[in-house]
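The next block holds one structure in the form of structure tokens; read it before the comments.
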Amino acid sequence: MQSLSRADAEAFLYHEAELIDEWRLEDWLKLFTEDGLYWLPIGDDKEPGENTSIIYDVPVRREERVFRLLETPVPSQAPPSRTIHSVTNVRVQSEPSDSFVTVRSYQTITELRSGDFRQTGLGEQRTFVGHCEHRLRRDPDGLRIALKKLVLLNRDISIRNLTFIA
Amino acid sequence: MTLQPPQDRDLDLDQLVLEGPGTFRVHTRNYTDPAIFQVEMDRIFGGTWVFVGHESEIPEPGAYKTAYMGVQPVIVTRTDDGTVNVLFNRCRHRASVVCREPKGTANFFRCPYHGWVYANDGRLKGVSYRRGAYEDDWDKPWGLQKPARVETYRGLIFANMREEAPSLVENLGMAREWIDRQFNMSPEGEIELRYDPHVLDYHGNWKFIVENTVDGYHGNFVHESFWKVQEKFGTASGQHGSYVEASVDELIKSRARTFNIGCKEGHGLARQPYPENAVDNLLKGEFADYYRELDDRYGREELLRMLSNTFTMVFPNVAILHSQIRVIRPISVDRTEVTVYPFALKGAPEQLNINRLHGHERFYGPAGFGMPDDVEMFALNQQGLAANSVDWLILERGLTREEPTESGDLTSDHTDETPQRAIHRAWKRLMGSPS
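These protein sequence lines are chains A and B, in that order.
With this note's numbering, the residue at position 49 of the first sequence is 153, and numbering never jumps.
With this note's numbering, the residue at position 90 of the second sequence is 95, and numbering never jumps.
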């Protein structure tokens with residue numbers, strides 16, 4: 105199988121970013137493999153799940169997260185976050201396997217909760233940035249995320265409200 | 006005519022925490038006045054036992070971690086003889102911090118400014134270019150200063166700036182047996198802070214989270230979304246608290262039987278009983294051996310109490326609840342940092358500890374399904390407090406139905422503000438005692 109081109113990798117990551125920023129979260133869930141993991145570590149852990157994570161979303165946890173955001177009243181998302189995910193520095197890493205490919209990128213997430221922006225906790229435009237690793241499975245009908253690992257720059261210091269999809 | 010800004014008014018404690026028959030009100034200023042915050046740092050964080058760490062964070066001789074007593078930075082060290090020391094993180098020379106790392110191993114701390122060296126028990130060991138610059142016996146008093154008292158209970162390290170304070174154990178009061186029940190879930194009777202903490206800060210007063218930790222009234226409103234996640238998904242992605250192997254229905258019923266206690270020392274306790282019939286599920290499940298051993302050792306009645314979902318807020322700055330140690334750090338009158346350490350139960354099956362960790366992640370941390378919503382309330386509080394035309398916060402719920410306990414504390418329905426009143430009574434007592 106040919107290796108994934110950078111253009112195709114970018115197209116996929118831009119598509120994911122668009123789904124998240126447009127709050128099309130059910131479509132975002134469908135981008136994952138059936139055992140896909142969405143992981144935001146705190147420490148320099150090699151293996152997910154052995155230490156505390158900011159987000160350690162196995163499939164059902166990810167479903168819970170989207171259900172909570174879309175179908176329940178969430179005080180920390182009232183008003184909701186507006187986000188822009190900027191994806192840069194996309195590199196495709198060759199892999200021994202034909203069915204998987206790893207794509208690395210930088211992700212800059214700018215977030216703002218507006219509403220009455222004069223109120224405490226609102227009206228503050230925040231930036232979250234980190235390096236991201238997507239391990240993608242090359243299915244016949246397209247790419248699927250087996251692992252999305254986002255290592256935030258500020259992962260081990262105080263983070264206030266990361267209840268939107270990072 | 007002279008201007009009398011509000012801060013110049015005398016601080017009359019009886020006008021800040023107003024108590025009377027059927028009345029319990031706290032003044033707006035307690036949450037917004039920087040002058041009151043300064044006195045709190047002196048008389049509360051400098052006036053009683055303050056949590057600074059757990060022994061599992063400094064297991065080996067030479068280990069250290071940094072912490073705060075109020076706004077004062079400290080280093081907590083373990084010397085070669087095994088003793089735990091608490092040292093103010095401030096060079097006696099020109100006030101630089103001598104330790105900039107959150108934790109590590111060091112037998113000495115070298116001040117980065119002029120190179121003075123202190124041993125990890127605080128003694129001054131070396132002054133650079135010493136000869137001729139100071140008297141020969143001059144350096145004896147100039148080691149790192151220390152708070153007057155350091156005591157530990159079940160590995161929890163507390164320091165107290167007051168020499169004449171009652172013992173830590175005496176000050177823990179009822180909280181002690183609640184801590185015991187949590188820690189006895191470890192077959193070795195010990196917890197271990199082996200996982201990374203979640204850290205968050207909020208724009209609000211430190212007392213908000215102290216009150217919130219033992220608030221049983223807010224759950225159905227603030228955490229409605231989490232209850233809905235539990236209703237739809239059950240425990241599919243993790244157990245929150247100790248309703249392990251109980252159905253969501255049983256969980257809802259046991260919530261209704263929760264009670265709380267407001268302690269004379271200012272601590273707040275709350276317990277949600279464990280559904281009795283769910284114990285059989287535990288004794289047949291994945292960790293049957295582990296639970297059977299606890300059942301044999303403590304008996305069913307005590308085991309049920311141990312399995313309960315408990316919240317133990319040790320005034321002023323540490324709480325033990327679910328599988329976490331929660332540490333509260335006041336930064337300014339309207340800024341507070343909270344560090345939440347998930348803990349492991351030593352000797353329990355590894356998978357059980359991992360399950361508890363993931364259950365913890367489900368609710369806590371900046372992306373959890375619960376805690377960010379509590380923190381959002383603090384922003385709302387701080388915003389509302391800006392309407393300082395309104396003088397009082399009202400903490401009168403349950404005043405007419407709370408009852409005394411054998412231990413000299415007060416108990417009530419878990420939605421009542423009994424623990425919150427205990428907090429403010431302790432606040433008043435300490436604020437009224439000059440250092």
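Every residue, glycine too, gets a C-beta built ideally from N, C-alpha and C.
The structure displayed is predicted, hence computed values, not measured ones.
Just tell me which of R430/B, K433/B, R48/B and D378/B has its CA closest to the CA of N3/B. Look at the range of chain B in this structure, 6 to 440, and you will see that residue 3/B is not part of it.
Can you pull out the residues from the segment 194-211 of chain B whose beta carbon lies closer than 9 Å to at least one beta carbon of chain A? Answer set for the segment 194-211 of chain B: R199, Y200, D201, P202, H203, V204, L205, D206, Y207, H208 and G209.
8 Å Cβ cutoff, G370/B in contact with chain A: Counting from one through the second sequence, the residue named residue 370/B turns up at place 365. So, interface residue.
Of the choices A384/B, D201/B and V253/B, whose alpha-carbon is the least far from that of Q181/A? Within the first sequence, numbered from 1, the residue matching residue 181/A stands at position 77. Among A384/B, D201/B and V253/B, the Cα nearest to that of Q181/A is on A384/B.
For S203/A, which residues does DSSP report across the bridge? Mapped onto the first sequence, residue 203/A falls at position 99. According to DSSP, S203/A bridges with nothing at all.
Comparing the C-beta of P377/B with each C-beta of chain A, is any distance below 8 Å? For the purposes of this step, residue 377/B is taken as residue 372 along the second sequence, with counting starting at 1. It does: the Cβ of P377/B has a partner Cβ on chain A nearer than 8 Å.
Select from the segment 232-259 of chain B all residues with a C-beta closer than 8 Å to any C-beta belonging to chain A, and list them in chain order. K233, V234, K237, F238, A241, S242 and G243
Take F171/A and list the residues in its own chain whose beta-carbon comes closer than 6 Å to its own, dropping the five residues that flank it on each side. As a working note, residue 171/A is residue 67 in the first sequence. Counting only Cβ-Cβ distances below 6 Å, and skipping sequence neighbours, we find nothing.
Please list the partners that F374/B has in chain A, where partner means a Cβ-to-Cβ separation under 8 Å. Stepping through the second sequence from its first residue, residue 374/B is reached at position 369. Going along chain A in sequence order, the residues near F374/B (Cβ under 8 Å) are E168, R169 and R172.
Terminal residues of the alpha helix (DSSP H) in which S230/B lies: As a first step, residue 230/B is located in the second sequence; it is residue number 225 there, counting from the start. E229 to F238 is the span of the alpha helix (DSSP H), which, as asked, contains S230/B.
Alpha carbon to alpha carbon, what distance is there between A261/B and E291/B? Position 286 of the second sequence, counted from the first residue, corresponds to residue 291/B. Position 256 of the second sequence, counted from the first residue, corresponds to residue 261/B. In a straight line, the C-alpha of E291/B is about 28 Å away from that of A261/B.
Contacts around Q229/A, its chain only, beta-carbon distance under 6 Å, and the 5 residues preceding and following it disregarded: Here the question's residue 229/A lines up with position 125 in the first sequence. These residues qualify, in order along the chain: L216.
Interfacial residues, the segment 329-361 of chain B to chain A, with Cβ spacing under 8 Å: E342, P347 and I359
Under 8 Å between C-beta atoms of E156/B and S172/B: As a first step, residue 156/B must be located in the second sequence, where it is residue number 151. As a first step, residue 172/B must be located in the second sequence, where it is residue number 167. Closer than 8 Å, so yes.
By alpha-carbon positions, which one of G219/A, R208/A, E167/A and I261/A ends up nearest to R186/A? For the purposes of this step, residue 186/A is identified with residue 82 of the first sequence, where counting begins at 1. With distances taken between Cα atoms, R186/A lies closest to G219/A.
Report yes or no: do the segment 55-75 of chain B and the segment 363-380 of chain B share at least 3 C-beta pairs separated by less than 8 Å? no
Unbroken alpha helix (DSSP H) run spanning P278/B, endpoints: Residue numbering aside, residue 278/B sits at position 273 when the second sequence is read from its first letter. Careful: P278/B lies outside any alpha helix (DSSP H) and carries neither H nor E.
Would you identify the three-state DSSP class for M166/B, choosing helix, strand or coil? Here residue 166/B refers to the residue found at position 161 when the second sequence is read from its first residue. Coil.
Out of curiosity, what's the CA-to-CA distance linking Q425/B and D260/A? Residue mapping note: residue 425/B aligns to position 420 of the second sequence, counting from 1. Residue mapping note: residue 260/A aligns to position 156 of the first sequence, counting from 1. Taking the straight line joining both Cα atoms gives about 31 Å.
If we call anything under 8 Å between Cβ atoms a contact, is G403/B one with D414/B? What you label residue 403/B is simply residue 398 of the second sequence in a count that begins at 1. What you label residue 414/B is simply residue 409 of the second sequence in a count that begins at 1. No, these two residues do not count as a Cβ contact at 8 Å.
Excluding sequence positions up to five away, which residues of its chain have a Cβ less than 6 Å from the Cβ of I269/A? For this step, residue 269/A is matched to residue 165 along the first sequence. Beyond the five residues adjoining it in sequence on each side, I269/A comes within less than 6 Å, by CB distance, of I124 in the same chain, given in chain order.
Nearest-angstrom Cα separation, counted from C236/A out to A250/A: To locate residue 250/A, count along the first sequence from 1; it is residue 146. To locate residue 236/A, count along the first sequence from 1; it is residue 132. About 13 Å.
Report yes if the CB atom of E270/B is closer than 8 Å to the CB atom of A170/B, and no otherwise. By 1-based counting over the second sequence, the position of residue 270/B is 265. By 1-based counting over the second sequence, the position of residue 170/B is 165. Cβ distance not < 8 Å, so E270/B and A170/B don't count as in contact.
In angstroms, rounded to a whole number, what distance separates the CA positions of D13/B and Q43/B? Reading the second sequence from its first residue, position 8 is the one you call residue 13/B. Reading the second sequence from its first residue, position 38 is the one you call residue 43/B. Low per-residue confidence applies at D13/B: pLDDT is 48, beneath 50, and the placement is therefore not dependable enough to give any value.
Please state the DSSP three-state secondary structure of T176/A. On the first sequence, position 72 is the one that residue 176/A refers to. Three-state DSSP puts T176/A in coil, outside helix and strand.
Measure from the C-beta of Y142/A to each C-beta in chain B and report whether the shortest distance is under 8 Å. Your numbering for residue 142/A matches position 38 in the first sequence. Judged by the 8 Å Cβ criterion, Y142/A is not in contact with chain B.
Distance CB(L288/B)-CB(D300/B) smaller than 8 Å: Looking up residue 288/B in the second sequence gives position 283. Looking up residue 300/B in the second sequence gives position 295. The answer is yes: Cβ separation under 8 Å.
What does DSSP give as the partner residue(s) for T263/B in the beta ladder? On the second sequence, position 258 is the one that residue 263/B refers to. Its beta-bridge partners do not exist; DSSP assigns none.
N258/A, buried or exposed, once every other Cβ within 10 Å from all chains shown has been counted against 16: Here residue 258/A is taken as the residue at index 154 of the first sequence, counted from 1. N258/A should be labelled exposed.
Can you grab the Cα-Cα spacing for the pair G51/B / A153/B, in whole Å? Stepping through the second sequence from its first residue, residue 51/B is reached at position 46. Stepping through the second sequence from its first residue, residue 153/B is reached at position 148. Straight-line Cα distance between these residues: approximately 10 Å.
In the segment 216-250 of chain A, which residues sit with their C-beta less than 7 Å from some C-beta in chain B, listed in chain order? Under the 7 Å Cβ criterion, the segment 216-250 of chain A contributes Q223, T224 and G225.
Using a Cβ cut-off of 7 Å, which residues of the segment 170-199 of chain A contact any Cβ in chain B, in chain order? F171, R172, T176, P177, V178, P179 and S180
Determine, using beta carbons only, whether S157/A comes closer than 8 Å to chain B. Position 53 of the first sequence, counting from 1, holds the residue named residue 157/A. Taking Cβ atoms only, chain B reaches closer than 8 Å to S157/A, which makes this a yes.
Pick helix, strand or coil for D13/B, following the three-state DSSP scheme. Counted from its first residue, the second sequence places residue 13/B at position 8. Unreliable placement is indicated for D13/B, whose pLDDT of 48 sits below 50; no coordinate value is reported for it.
Between E381/B and chain A, is the shortest Cβ-Cβ distance under 8 Å, so that the two count as touching? As a first step, residue 381/B is located in the second sequence; it is residue number 376 there, counting from the start. Yes, because at least one Cβ of chain A sits closer than 8 Å to the Cβ of E381/B.
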